[in-house]
Amino acid sequence: MTIDSPLSAWQQAIAQNGFVQDEAQEHAVWALQKCFEALHEDRAPVTGVYLWGPVGRGKTWLMDQFYQSLRIPARRQHFHHFMGWVHQRSFQLTGTADPLKTLARELAEEVRVLCFDELFVNDIGDAIILGRLFQVMFEQGVVVVCTSNLPPDDLYADGFNRDRFVPAIKAIKQHMQVIAVDGAEDHRLHPGTGLQRYWVAEPGKSSALHEVFRALTLGQSISSEPIAVGHRLLKVVQASKSVLWCRYADLCEQPFAAMDFMVLCDTFKAIVLSELPNLSAQKRTGRIARGTEDGVVRVAAGDRELPQLSVHDDGVRRFIALVDECYDRKVPLYLEAQVSMAALYTEGYLQFPFRRTFSRLQEMQLQRFAEV
88 MTIDSPLSAW QQAIAQNGFV QDEAQEHAVW ALQKCFEALH EDRAPVTGVY
138 LWGPVGRGKT WLMDQFYQSL RIPARRQHFH HFMGWVHQRS FQLTGTADPL
188 KTLARELAEE VRVLCFDELF VNDIGDAIIL GRLFQVMFEQ GVVVVCTSNL
238 PPDDLYADGF NRDRFVPAIK AIKQHMQVIA VDGAEDHRLH PGTGLQRYWV
288 AEPGKSSALH EVFRALTLGQ SISSEPIAVG HRLLKVVQAS KSVLWCRYAD
338 LCEQPFAAMD FMVLCDTFKA IVLSELPNLS AQKRTGRIAR GTEDGVVRVA
388 AGDRELPQLS VHDDGVRRFI ALVDECYDRK VPLYLEAQVS MAALYTEGYL
438 QFPFRRTFSR LQEMQLQRFA EV
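Take any residue in the sequence shown, note its place counting from 1, add 87, and you have its number in the numbering used here.
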């Protein structure tokens, strides 16, 4: 289906697909429409759009309609994919006088518009890079449209050396229209016919995932041999050419990274994950990270309190990244856990980012998820 413009796509969805209309979405649509028109009428400068708000308010859907309607060079990525590319390319440009400016110039030669989903900064390395990267991208004429759960002023709010990130916030507010998409409706919960992809394990009973895996792999050859993912081997319960079944501990509690989940979603059309524990746990007391010592002279590097991670949170970070990747690539994720979805993560350092994960898991229970 050809999409003429962000506005026409939204109007068609309301008229034909039973979408629930809300005022916050309409405000966002008109901002995207104005950006779309400015780009195709070759006006200068063009103001980008920053959509922020609670999970499930349609931010990603709206941005995707904008991206799909563009008739000029554009790139659409999840934000952690974008930052992975930035880090890789920056390393390749080591020795260049101004690597980030060179990177921004290369990006501007390739695309006019950059769309990325889920802008969220919690890493000091990303924060320092972004402090300058946003500035040089805008200087090179790249128009940015993005989504986030936070307004620009709240990004990296409690981060170490946050002053290094402040220039990025200023650049965003100067070159992008900031729109709150905060309507009352959680659009991920409707419309749609339910399709179970989450089970609670019943003690003494065989896993429901045996039948799920069998149905997904009819006619395919099955193996229980470990598979290579990057430089590591992943233990599997079973795997076919198109479906992977593994245990939570073997995937999320091992040193795999977001790039590895990208590889899995490139390789498999469905992922089955069993033996999810209750991921909630009390935060552990954060220790103080101090400056280093050089002989008897202390090298001042500042004092900061480390995050109060719970015992499960390293694995939870990977689980969040896995769900994001499956959601972004429309790869169905079938889960069996010890507790209900609502009880999966109710206490821990990662409660805020897990809200998005919970909302996405809810949407994955709908028939329309993964439909093209």
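In this text, a Cβ means the ideal position worked out from N, Cα and C, and glycines have one as well.
Outcome for residue i when other beta-carbon atoms lying within 10 angstroms are tallied against a minimum of 16
{"i": "residue 236", "result": "buried"}
{"i": "residue 183", "result": "exposed"}
{"i": "residue 167", "result": "buried"}
{"i": "residue 208", "result": "buried"}
{"i": "residue 213", "result": "buried"}
{"i": "residue 221", "result": "buried"}
{"i": "residue 398", "result": "exposed"}
{"i": "residue 405", "result": "buried"}
{"i": "residue 291", "result": "exposed"}
{"i": "residue 152", "result": "buried"}
{"i": "residue 347", "result": "buried"}
{"i": "residue 218", "result": "buried"}
{"i": "residue 178", "result": "exposed"}
{"i": "residue 111", "result": "buried"}
{"i": "residue 305", "result": "exposed"}
{"i": "residue 147", "result": "buried"}
8 Å Cβ shell around residue i - same chain, five flanking residues per side excluded
{"i": "residue 314", "result": "320, 321, 323, 326 and 331"}
{"i": "residue 91", "result": "156"}
Spatial neighbours of residue i in its chain, beta-carbon cut-off 6 Å, leaving aside the 5 residues before and after
{"i": "residue 286", "result": "295 and 423"}
{"i": "residue 402", "result": "339 and 340"}
{"i": "residue 94", "result": "116 and 120"}
{"i": "residue 415", "result": "165"}
{"i": "residue 169", "result": "203"}
{"i": "residue 108", "result": "101"}
Check whether residue i and residue j have beta carbons under 8 Å apart
{"i": "residue 417", "j": "residue 457", "result": "yes"}
{"i": "residue 202", "j": "residue 158", "result": "no"}
{"i": "residue 263", "j": "residue 134", "result": "yes"}
{"i": "residue 412", "j": "residue 451", "result": "no"}
{"i": "residue 437", "j": "residue 407", "result": "yes"}
{"i": "residue 126", "j": "residue 138", "result": "no"}
{"i": "residue 140", "j": "residue 268", "result": "yes"}
{"i": "residue 215", "j": "residue 187", "result": "no"}
Identity of the residue in the options nearest residue i by Cα
{"i": "residue 206", "options": "180, 223, 181 and 256", "result": "256"}
{"i": "residue 337", "options": "302, 329, 150 and 364", "result": "364"}
{"i": "residue 114", "options": "174, 97 and 427", "result": "97"}
{"i": "residue 362", "options": "351, 438, 215 and 427", "result": "427"}
{"i": "residue 100", "options": "169, 124 and 145", "result": "145"}
{"i": "residue 200", "options": "171, 249 and 132", "result": "132"}
{"i": "residue 343", "options": "317, 360, 329 and 334", "result": "317"}
{"i": "residue 460", "options": "305, 160 and 301", "result": "Residue 460 is absent from the structure shown; the chain starts at 88 and stops at 459."}
{"i": "residue 245", "options": "226, 210, 260 and 229", "result": "210"}
{"i": "residue 400", "options": "429, 425 and 439", "result": "439"}
{"i": "residue 226", "options": "147, 352 and 189", "result": "189"}
Helix, strand or coil at residue i according to DSSP, with G and I counted as helix
{"i": "residue 207", "result": "coil"}
{"i": "residue 193", "result": "helix"}
{"i": "residue 135", "result": "strand"}
{"i": "residue 455", "result": "coil"}
{"i": "residue 380", "result": "Any reading at residue 380 is ruled out, since the residue's pLDDT is 44, under 50, leaving its predicted position unreliable."}
{"i": "residue 281", "result": "strand"}
{"i": "residue 264", "result": "strand"}
{"i": "residue 421", "result": "strand"}
{"i": "residue 302", "result": "helix"}
{"i": "residue 145", "result": "coil"}
{"i": "residue 234", "result": "strand"}
{"i": "residue 404", "result": "helix"}
{"i": "residue 227", "result": "coil"}
{"i": "residue 410", "result": "helix"}
Proximal residues to residue i (C-beta, below 7 Å), its chain only, five neighbours per side dropped
{"i": "residue 410", "result": "420, 444, 447 and 448"}
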